[in-house]
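Just so you know, the sequence shown maps onto residues -26 to -1, 1 to 523 in mature numbering (1 follows the signal peptide of the UniProt record, and there is no 0). Every residue, glycine too, gets a C-beta built ideally from N, C-alpha and C. Quantities reported herein were computed from a predicted structural model and do not represent experimental measurements.
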Amino acid sequence: MFPTHTLFTLLHLLTLIGICRKYAVAVHSGGGSWALLQSSVGISAMHMQLLHNDRVIMFDRTDFGPSNISLSDHQCRFDKNDTASPVDCTAHSVEYNVLRNSVRPLMVQTDVWCSSGAAMPDGGLVQTGGFNDGDRAVRFFSPCRDFSCDWREAPSSLSVRRWYATNHVLPGGGQIIIGGRRQFNYEFYPKPESGKNLYSLPFLSQTNDPNIENNLYPFVFLNVDGFLFIFANNRAILFDYANNAVVRDYPEMPGGDPRSYPSTGSAVLLPLEADGAAAEVMVCGGAPKGSFEEAMKGNFIKALDSCGRIRITDPDPEWVMERMPMNRVMGDMTLLPNGHVLIVNGAGSGSAGWEYGRDPVLEPVIYRPDGETGSRFEVQNPSKVPRMYHSTAALIRDGRVLVGGSNPHPHYNFTGVLHPTELSLEAFSPPYLDPNVAPLKPRIILPHSQSELQYGQNFRVQFMIWSSEIDPSSIKVTMVAPSFTTHSFAMNHRMLILNTRNVTSPGSSWKLETMASAPKTSVLAPPGYYLMFVVHKEIPSEGIWVRLR
């Protein structure tokens, strides 16, 4: 006879094995580490964009009340319609300097709450919409080497109010702005010379739930054919924005549950090969249908644990479903330099919205798209900080992922609530930054950072690897477009795996070089700044900035 505690342990293990077989997920734990960068950046990082000078623009909203960081030079914002703080001398936007680990307050005038944006081809941030006096504003931030740059704003520049909209950079370098609350349409920035700049998009009204709008912050990706993949609620289309025409309807995601805000799953365009022959989208997590309404009543339904992958270029595409190791709503999906996907932040039950999330999910998960089915997920070491509603994540040049935000309340509430407002900023270091694998890590010598590349250009990539275990066949060169991240979606985030050939060792066993080819067209990679990495045995170098034009 087994002792009682031994029998209990065996039964517990058998239960776990049964769960693993049923859902085909990995339960082994990975690594990764966390570091607290700032105990407070002064604001809750609800929106985040990395720029090509290694500074990250963050902001929350202007009607939260006073933040924890003062504006410089005795600046104040005056707004008689702001009931929280009509006179506010604190900042609601900051510039975080990655290299110095320092924070600088910025002055934003109009309300940026639940807005959208994208980095433009010249490297500046164009940011659109928001709430109240900001819902038709366009804002500009041009990065600078010193500390003189700040927001410039053009109120009433959008055709309609944009709140919870999605932006994407187009092959021509402009942006398309899609949807928003009660806006079943799209427009362009800059405005076309024709004068017309508002186009109906019935798909958004068709996916709108009359009880609760479950199609906000739609997931939008530029496909390799130049059309847009647009996902809202539980459906997707391929859209010809130039001719205002739906090219194809994709099958409904299995299960029928909504995945966009406020059900708030997340999505990525998986890494693209250089030939642009195929594209695949992955959508993970979210909240079952009815979760938002139930959360308003105090009932918190368990979040979804499913992911769906669909090859959007196939002639007859179908969703392929997988199971995550845990349930997650309000997670952030971020592409890592080696082509893996990080899933971080969020809750295990409830919904997006004020105090509607429960059971913080502290463990990130890394997903390997090319791994063996059933063992693609790997649970990472947990953070100690719950990141609930209004949290963000963004890849930076050294391969870490910045993680910030979490403000599930209308104001800055630090006490007396289940999940206090979070002003801290952390960095998650994936396992490829473990010191034990440092000898396998490449260091790029050429091209130099801030180099310019032409479409289709062949260029030399020179790098060092201080190891006797070099595997030339594992070398790849990747380019990652930095994202505008908010509400669990990384807008404009895309990765390209470049064509490379002839990995050689000219004159030194540690010095290597290969010839790489830049993407051939702006349809495959819109113009702008990208982070370029050399990857060896799935371990990326520190990135360099290149400008594709």
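*Alpha-carbon to alpha-carbon, Ser323 and Tyr163*: Counting from one through the sequence shown, the residue named residue 163 turns up at place 189. Counting from one through the sequence shown, the residue named residue 323 turns up at place 349. Rounded to whole angstroms, Tyr163 to Ser323 spans 37 Å at the Cα level.
_Can you tell me whether Val61 is buried or exposed? The criterion is at least 16 other CB atoms within 10 Å of its CB, across all chains shown._
Here residue 61 refers to the residue found at position 87 when the sequence shown is read from its first residue. Per the 10 Å Cβ criterion, exposed.
*Kindly indicate which three-state DSSP category Val134 falls into: helix, strand or coil?*
Working through the sequence shown from its first residue, we reach residue 134 at position 160. Reduced to three states, the DSSP call for Val134 is coil.
_Quick check on the burial criterion: 16 or more other C-beta atoms within 10 angstroms. Buried or exposed for Pro299?_
Walking along the sequence shown from the start, residue 299 turns up at place 325. With 16 or more other Cβ atoms within 10 Å, it is buried.
*What are the start and end residues of each continuous beta strand (DSSP E) run of 3 or more residues lying completely inside the segment 397 to 437, in chain order?*
399 to 403, 417 to 420, 425 to 427
*Pick helix, strand or coil for Ala269, following the three-state DSSP scheme.*
Working through the sequence shown from its first residue, we reach residue 269 at position 295. Helix, per DSSP.
_Could you check whether Gly91 and Pro145 sit closer than 8 Å to each other, using their CB atoms as the reference points?_
The count along the sequence shown starts at 1 and reaches residue 145 at position 171. The count along the sequence shown starts at 1 and reaches residue 91 at position 117. Going by C-beta atoms, Pro145 is not nearer than 8 Å to Gly91.
_Quick check on Ser479: buried or exposed, where buried means 16 or more other Cβ atoms within 10 Å of its Cβ?_
Residue 479 sits at position 505 when you count from the first residue of the sequence shown. Ser479 comes out exposed.
*With DSSP as the reference, please indicate the residues paired to Asn473 in a beta bridge.*
Your numbering for residue 473 matches position 499 in the sequence shown. BP columns for Asn473 point to Ser491.
*Through-space distance from Val255 to Val194, alpha-carbon basis*: Translated into positions along the sequence shown, residue 194 becomes position 220. Translated into positions along the sequence shown, residue 255 becomes position 281. Roughly 10 Å separates the two Cα atoms.
_Length-filtered (4 minimum) alpha helix (DSSP H) runs lying within the segment 211 to 294_ = 265 to 270
*Report back the beta-carbon spacing between Ser441 and Leu407 to the nearest angstrom; my notes put them in contact at under 8 Å.*
Residue mapping note: residue 441 aligns to position 467 of the sequence shown, counting from 1. Residue mapping note: residue 407 aligns to position 433 of the sequence shown, counting from 1. In fact, because the Cβ distance is near 16 Å, the residues do not count as touching under 8 Å.
*asked:* I need the straight-line Cα distance from Leu369 to Ser179, nearest angstrom please.
replied: By one-based count along the sequence shown, residue 369 stands at place 395. By one-based count along the sequence shown, residue 179 stands at place 205. Using only the alpha carbons, I get a separation of about 33 Å.
*Can you list, in chain order, the residues of its chain whose CB lies under 6 Å from that of His493, leaving out five sequence neighbours each side?*
Stepping through the sequence shown from its first residue, residue 493 is reached at position 519. Here residue 493 is Pro; the residue named in the question, His, does not match the sequence. Taken in chain order, the residues that qualify are Leu470, Ala499.
*Can you tell me the Cα-Cα spacing of Ile211 and Arg222, whole angstroms?*
Residue numbering aside, residue 211 sits at position 237 when the sequence shown is read from its first letter. Residue numbering aside, residue 222 sits at position 248 when the sequence shown is read from its first letter. Taking the straight line joining both Cα atoms gives about 6 Å.
*Could you give the residue range of the beta strand (DSSP E) that holds Leu178?*
The residue labelled residue 178 in the question sits at position 204 within the sequence shown. Where Leu178 is concerned, there is no enclosing beta strand (DSSP E), although the alpha helix (DSSP H) it sits in stretches over 176 to 180.
*Cβ of Asp53 less than 8 Å from any chain C Cβ?*
Protein chains in the displayed structure number just one, and chain C is not present.
*asked:* Using C-beta distances below 6 Å, list every residue in its chain close to Val(-2), excluding the 5 sequence neighbours before and after it, in chain order.
replied: For the purposes of this step, residue -2 is taken as residue 25 along the sequence shown, with counting starting at 1. At Val(-2) the pLDDT is 43, less than 50, meaning the model places this residue with poor confidence; the figure from the coordinates comes in the next sentence. For Val(-2), where only same-chain residues beyond five positions count, the Cβ hits under 6 Å are Arg297, Pro299, Phe351.
*Within its chain, find whatever has a CB closer than 7 Å to the CB of Ser515; leave out the 5 residues flanking it on each side and keep chain order.*
The sequence position of residue 515 within the sequence shown is 541, counting from 1. Excluding sequence neighbours, Ser515 sits near Lys415, Pro416, Arg417, Ile418, Phe437, Phe507, Val508.
*Per DSSP, the bridge partner or partners of Phe510*: Within the sequence shown, the letter at position 536 stands for residue 510. Note that residue 510 corresponds to His in the displayed sequence, not to Phe. Its beta-bridge partners are Ile513.
*Thinking C-alpha only, which one of Tyr503, His510, Lys511, Ile150 is nearest Val520?*
The sequence position of residue 520 within the sequence shown is 546, counting from 1. The shortest C-alpha separation from Val520 is found at Tyr503.
*Leaving aside the five residues before and after Gly108 along the sequence, list all residues of the same chain whose C-beta is less than 6 Å from its C-beta, in chain order.*
Numbered from its first residue, the sequence shown carries residue 108 at position 134. Correct list, in chain order: Thr84, Asp85, Val86.
*Compare the Cα-Cα distances from Val72 to each of Leu10, Gln49, Ile43, Cys50 and report the closest residue.*
Taking the sequence shown and counting its residues from 1, the one referred to as residue 72 is at position 98. With distances taken between Cα atoms, Val72 lies closest to Leu10.
*For Arg523, does the three-state DSSP call read helix, strand or coil?*
Taking the sequence shown and counting its residues from 1, one reaches residue 523 at position 549. Three-state DSSP puts Arg523 in coil, outside helix and strand.
*Cys118 to Asn27, Cα distance in whole Å?*
Within the sequence shown, numbered from 1, the residue matching residue 118 stands at position 144. Within the sequence shown, numbered from 1, the residue matching residue 27 stands at position 53. Approximately 8 Å, taken between the alpha carbons.
*Beta bridge counterpart(s) of Pro79 as assigned by DSSP*: Residue 79 sits at position 105 when you count from the first residue of the sequence shown. In DSSP, Pro79 forms a bridge with Val68.
*Assign Arg332 to one of two classes, buried (16 or more other C-beta atoms within 10 Å of its C-beta) or exposed (fewer than that).*
Residue 332 sits at position 358 when you count from the first residue of the sequence shown. Buried, since its Cβ has 16 or more Cβ neighbours within 10 Å.
*Cβ atoms of Pro405 and Leu309: under 8 Å apart, would you say?*
Taking the first residue of the sequence shown as position 1, residue 309 is located at position 335. Taking the first residue of the sequence shown as position 1, residue 405 is located at position 431. Result no, Cβ atoms of Leu309 and Pro405 do not sit closer than 8 Å.
*Using the C-alpha atoms, what's the distance from Tyr386 back to Gly230?*
Counted from its first residue, the sequence shown places residue 230 at position 256. Counted from its first residue, the sequence shown places residue 386 at position 412. Near 36 Å, if we compare the C-alpha coordinates of Tyr386 and Gly230.
*Report the option in Glu396, Phe463, Thr495 whose CA atom is closest to the CA atom of Gly379.*
In the sequence shown, the residue the question calls residue 379 occupies position 405. Among Glu396, Phe463, Thr495, the Cα nearest to that of Gly379 is on Glu396.
*Among Gly264, Leu420, Thr366, Met307, which one has its Cα closest to the Cα of Ser325?*
Looking up residue 325 in the sequence shown gives position 351. Among Gly264, Leu420, Thr366, Met307, the Cα nearest to that of Ser325 belongs to Gly264.
*Would you kindly work out how many angstroms separate the C-alpha atoms of Asp34 and Ala490, rounded to a whole number?*
Numbered from its first residue, the sequence shown carries residue 34 at position 60. Numbered from its first residue, the sequence shown carries residue 490 at position 516. Going by the C-alpha atoms only, they are around 40 Å apart.
*Could you name the residues that DSSP lists as bridge partners for Asp306?*
Here residue 306 refers to the residue found at position 332 when the sequence shown is read from its first residue. In DSSP, Asp306 forms a bridge with Val318.
*Quick check: the segment 456 to 467 against the segment 358 to 369, are there 3 or more CB pairs under 8 Å?*
yes
*Inter-residue CB distance, Pro311 and Gly373 (contact presumed, cutoff 8 Å)*: The count along the sequence shown starts at 1 and reaches residue 311 at position 337. The count along the sequence shown starts at 1 and reaches residue 373 at position 399. Yes, Pro311 and Gly373 are in contact; Cβ-Cβ is about 6 Å, under 8 Å.
*Measuring CA to CA, which of His393, Gln23, Arg113, Ser174 is closest to Ala455?*
Walking along the sequence shown from the start, residue 455 turns up at place 481. The shortest C-alpha separation from Ala455 is found at Gln23.
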